[in-house]
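Residue numbers (our numbering): 1 to 147.
So, in structure tokens, the structure goes:
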């Protein structure tokens, strides 16, 4: 999730009375490890990614841009030099990927090395544990930043 989050950062996650239906595009969520993930580490860990597309939306990538429902997705949280990395598989402008009901398409902010929905598909909304709401420790120092 670099540059937004670094290894060792501490975040406050909203879990109490959490309902995944309230998740919006751009939110950072914590979710249980996908069952068939070959690239994100131990299956007993939780993951943190950004929601890129919601149930019912369509998504594809072209160059370094992501398009949701045919519109270029603004990504102010990415560094200007960042590259998309692997494209969204089997999705084109003519045939975008359709996010199934009850699922979300998530990606890490460090797109070139992030293991995310491009590798294991969308996640179930029910796998979301909570939404990140506050960064309070960043790069080894106190730092208060809301999401």
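Here a beta-carbon is modelled for each residue, glycine too, at the ideal position from N, C-alpha and C.
Identified DSSP bridge partners for residue i
i, result
"residue 154", "The displayed coordinates of the chain run from 1 to 147. Any statement about residue 154 would go beyond what the structure contains."
"residue 106", "51"
"residue 119", "Paired residue(s): none; residue 119 is not in a bridge."
"residue 93", "Residue 93 is not bridged to any residue."
"residue 71", "68"
"residue 124", "103"
Selected residue, minimal CA-CA separation from residue i, among the options
i, options, result
"residue 101", "111, 112, 124, 89", "124"
"residue 90", "118, 54, 83", "118"
"residue 94", "48, 20, 15, 69", "69"
"residue 71", "126, 34, 96", "96"
"residue 20", "112, 133, 103", "103"
"residue 57", "48, 112, 105", "105"
"residue 77", "116, 49, 86", "49"
Proximity of residue i and residue j at Cβ, strictly below 7 Å
i, j, result
"residue 30", "residue 13", "yes"
"residue 53", "residue 23", "no"
"residue 108", "residue 114", "yes"
"residue 28", "residue 61", "no"
"residue 64", "residue 84", "yes"
Element boundaries [alpha helix (DSSP H), containing residue i]
i, result
"residue 152", "With the chain covering only 1 through 147, there is no way to say anything about residue 152."
Start-to-end residues for the beta strand (DSSP E) that takes in residue i
i, result
"residue 51", "46-53"
"residue 58", "58-62"
"residue 67", "65-68"
Residues near residue i in its chain [Cβ-Cβ closer than 6 Å; skip 5 each side]
i, result
"residue 66", "73"
"residue 92", "60"
"residue 116", "49, 106, 107, 108"
7 Å CB neighbourhood of residue i in its chain, flanking five on each side removed
i, result
"residue 32", "46, 127, 129"
Same chain, Cβ closer than 8 Å to residue i, five either side skipped, listed in chain order
i, result
"residue 75", "66"
"residue 55", "99, 100, 101, 102, 103, 104, 125"
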